[in-house]
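With the working numbering applied, the sequence shown corresponds to residues 2 to 740, in that order. Backbone N, C-alpha and C fix where the C-beta goes; we use that ideal spot for every residue, glycine too.
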Amino acid sequence: MSTAILHWRRAFNVLVATGVALAFLLTILPAVLAASPQRLAGPITDDVGALGGNTSGVQASLDDLQAATGAQLWVWYTDTFGGQASGDFATATAAVSALGTTDLLLVIALDDRAYGYWKGDNVKISSGELEGVLSQDMEAALRSSDYPGAITATAGGLLAAMAGGTVSPGGSAIPAATGTPAGGSSEIATGGSLVGSLLTVLIVVGLVLVGGWGILFVWSRRRSRAPVGGGAATGGVAGGVPDGPNADLDAMEPDQLDELANRILVETDDAIRDSDQELGFAQAQFGDEAAAPFVAAIAAARGDLKGAFTIRQQLDDAIPEDVPTRRRMLADLIVGCRKAQDRLRAETQRFGELRALEKEAPDILGKLPARADALEARIPAAEATLTGLSEYADADWQAVAANVDNARTRIAAVREAAEQGTKALARGAPGAIGMAAQAARLGEDGLAQGSAYLDAIDRLASELEEARSKVDAELAAAEADLAQAKASAAGAPADADVARRLAEAEQLLAEARSALDPPKPDVTGAYDKARRADELADAVEKGLRSSREQQAREIARLEAGLRAAQVAVTRASDYVGGQRGGIGTEARTRLAEASRHLAQATALGPTDPIGALAEADQATRLAAVAQTLAEQDYGRWDDPFRGGGGGGGGSRHGRGGGGGGRGGHGSRGGGEFGGAGSDIAGAIIGGIIGGLLSGGGRHGGGGGFGGFGGGGGGFGGFGGSSGGGSFGGGGGSSGGGRW
């Protein structure tokens with residue numbers, strides 16, 4: 002009797018748990034499906050209207066970046082990452098979109114106030130430099146809701162950061178990610194397949210055994226491990242104090258900030274007191290005029306210190322601040338004190354240089370007259386050069402017209418400084434050596450300025466001569482491009498805008514030729530007009546060729562997608578063939594489907610490049626899933642002590658598969674759902690059933706329910722190092738941040 006009652010009680014508990022599980026999964030299902038990586042149709046994707054239709058300026062900044070560096074920046078504005086790590090979301094999007102090794106991707110989720118990035122291997126900027134650009138240039142615009150400005154600022158920052166090294170535009174277009182997340186076992190599937198799989202599994206489970214508590218437990222564990230608000234990947238950029246000399250403050254705990262604030266207040270107060278004494282010595286040694294900048298620096302530093310003490314008083318009063326406000330106030334206090342110390346340090350260094358100059362002052366003063374004579378000897382040649390420049394239009398050379406007179410003024414000042422310094426040394430009065438050092442410094446500065454004036458004349462003459470030699474070639478190029486544009490326009494439908502721009506280009510060319518007429522040719526003006534005419538003609542030609550170029554781009558992307566799919570299918574097929582004794586049906590099924598999609602892509606290529614690319618993308622994804630499933634099957638088959646019970650059955654050493662449990666955590670936290678595919682439900686249910694049937698035993702029981710999508714191996718999430726790309730196999734790096 003007691004045994005029968007126990008069985009009925011267990012059955013009742015199972016039915017209740019099944020109902021709870023069904024209700025819970027249907028509740029969380031929209032959140033699971035809220036957002037998933039998708040194939041991007043172009044460099045700018047705005048699903049939330051963040052750009053307000055203002056894409057022309059954004060596109061121009063992306064074009065400038067690509068033209069200068071070879072790197073293509075892709076941007077996707079969406080609403081949420083759906084609880085996924087932002088860096089993993091970006092990596093998955095790059096894989097789905099078949100981005101190449103010279104591509105950069107930014108995914109910005111406005112509701113999450115977070116972003117993720119992915120960077121191809123051949124983009125010549127380090128992850129640290131990239132994160133610096135994002136934190137300094139992009140986050141400020143995002144915080145002020147300037148969403149177009151966020152992208153243009155990012156493109157400008159990347160252009161500046163990458164100026165030291167140009168990216169080869171011929172980088173491979175093979176996708177940076179062709180695998181699935183480490184430790185995961187499910188493909189990136191559509192929402193419809195996921196819904197169907199969940200409902201199917203729940204119906205089966207309702208007939209068998211399942212505990213709703215297990216699902217609740219796993220879900221709570223997932224939420225406890227996930228970043229808040231879908232947050233930044235482990236390589237993300239934290240908000241707060243921007244990168245730079247004060248970036249260290251963001252990493253400090255509140256008590257560390259408090260300790261530093263107290264210490265730097267005392268140091269700054271002492272530094273100002275010491276500077277007051279140093280100022281007296283400087284005034285006595287070098288005179289009030291030389292010390293005037295020091296007086297101003299001390300006054301400004303004293304103002305900075307006053308503001309810092311005011312903040313300290315507010316922090317110490319009876320009104321408490323919350324933690325974020327206190328952190329901000331302490332950071333402001335520390336930054337103000339550092340500014341004050343920097344001001345004083347600069348002036349102290351200047352007077353230190355003057356004191357060092359005291360030893361050399363007599364020698365410098367003695368040589369100043371001869372050096373002034375040498376500089377003055379250059380003036381006749383400079384005057385002759387100016388005379389030659391006067392043959393050009395006034396606008397070309399008026400900027401240096403007064404340079405000879407300015408050089409003469411500086412030479413006179415050098416001679417006066419040498420005379421005054423020498424007299425001070427001869428008198429031997431108190432402070433004479435300081436006055437001599439100051440005179441020596443003035444003399445050195447005067448020589449440098451006078452030389453710069455004369456150098457500018459010579460440099461302009463060389464530039465005008467070079468422009469004169471190139472303007473004819475620029476005119477010829479513009480004329481050729483205009484003729485080509487006219488020919489293309491003649492064979493195209495009439496377009497008023499094209500006709501207007503061609504007429505404007507012709508007018509500019511006529512003005513450029515006229516500008517070169519004697520007696521005073523305007524070389525720079527002619528060159529500029531010819532360049533503008535060439536740009537107009539080139540723009541017209543590009544517009545007329547847009548359809549042909551678009552077709553060529555589609556073909557190029559298709560070729561890249563086909564190569565990527567072929568690589569992924571071949572790699573998975575070789576692995577299954579080499580380890581076939583331990584590979585189950587699920588991996589083989591995915592591989593067969595990947596091969597079918599690859600064949601379909603090849604067949605569609607000549608007539609439907611867009612459809613063919615979609616088939617190739619699907620082949621790449623399925624092959625990656627097959628590879629991961631095969632590796633998991635073989636791992637379970639080859640490991641005599643592993644409990645997991647996936648599609649490959651138990652291990653080759655005779656141990657049962659069992660329920661397994663969570664998949665690999667990855668090297669950066671793991672713990673996410675193992676993808677968006679149909680094996681999510683299988684992983685959850687398989688793990689629970691395996692645990693129930695094994696009675697909680699340590700070795701995983703008999704593995705009877707390992708067929709539910711691989712048993713416990715279904716979890717594992719987007720593991721791997723975010724810095725190197727969560728998908729592995731194709732390179733690239735990723736990360737994310739918040740604002």
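Distances from the CA of Leu280 to each of Gln633, Thr349, Ala319 were compared; the closest alpha carbon is that of Thr349. If you compare the alpha carbons of Tyr116, Val134, Gly83, Pro149 with that of Gly50, the shortest gap goes to Pro149. Excluding sequence positions up to five before and after Gly444, its CB lies within less than 6 Å of the CB of Leu369, Val415, Ala418, Ala419, all in the same chain and listed in chain order. Under the DSSP definition of a beta bridge, Val570 lacks any partner. Going by beta carbons, Gly88 and Gly737 fall inside the 7 Å limit.
With 16 or more other CB atoms across the displayed protein chains lying within 10 angstroms of its CB, Ser735 is buried. When the alpha-carbon of Thr586 is set against those of Gln67, Leu630, Gly606, the nearest one is in Leu630.
Beta-bridge partners of Gln73 (DSSP): Asp104. Around the CB of Ser57, fewer than 16 other CB atoms lie within 10 Å, so the residue is classed as exposed. Fully enclosed alpha helix (DSSP H) runs of no fewer than 4 residues occupy 362-377 of the segment 360-384, in order along the chain.
Look at Gly738 here: in three-state DSSP terms it is strand.
Secondary structure of Ala154 (DSSP, three-state): helix.
Judged by DSSP in its simplified three-state form, Tyr576 adopts helix.
The segment 78-137 is shown to contain whole beta strand (DSSP E) runs of 3 or more residues at 104-110, 115-120, in chain order. Beta-bridge pairing by DSSP links Ile45 to Val76. CA-to-CA, the gap between Glu392 and Arg532 works out to about 23 Å. In summary, Val324 is exposed, with fewer than 16 beta-carbon neighbours lying within 10 Å of its beta-carbon over all protein chains present.
When DSSP states are grouped into helix, strand and coil, Gly606 belongs to the coil group.
Annotation: the continuous alpha helix (DSSP H) that includes Gln485 extends over 433-491.
Taken through DSSP and simplified to helix, strand or coil, Ala600 comes out as helix.
In this structure, Thr94 lies away from Gly121, with their beta-carbon atoms at least 7 Å apart. With at least 16 other beta carbons inside 10 angstroms of its own, Ile152 counts as buried. Each residue's CA atom was taken as its position, placing Lys307 and Arg339 some 13 Å apart. Tyr393 sits in coil when the DSSP states are folded into three classes, being neither helix nor strand. Selection Leu331, Gly435, Gln73 evaluated against Lys360 yields Gly435 as nearest (Cα-Cα). Membership of Gln315 in the alpha helix (DSSP H) is indicated by the continuous run 289-317.
Closest by C-alpha distance to Ala298, out of Ile335, Leu345, Ile380, is Leu345. When the beta-carbon positions are compared, Leu510 and Ala534 come within less than 7 Å of each other. Closest in C-alpha terms to Trp398, from the list Ala248, Arg502, Asp459, Leu66, comes Asp459. In this structure, the straight-line span from the alpha carbon of Asp317 to that of Leu66 is close to 50 Å. Comparing alpha-carbon positions, the option among Val626, Leu160, Lys543 lying closest to Thr590 turns out to be Val626.
In this structure, DSSP gives Asp535 a helical state, which the three-state scheme calls helix. Contact between the segment 113-120 and the segment 75-82 is established, with three or more Cβ pairs separated by less than 8 Å.
The residues Asp397, Trp398, Val401, Ile458, Leu461, Ala462, Leu465, in chain order, have a CB closer than 8 Å to that of Leu390 in the same chain once the five nearest residues on each side in sequence are set aside.
If you ignore the 5 residues before and after Ile611, its C-beta comes within less than 7 Å of the C-beta of Glu555, all in its own chain and listed in chain order. The C-beta distance from Ala394 to Gly562 rounds to 55 Å, too long to fall under 8 Å, and the pair is not in contact.
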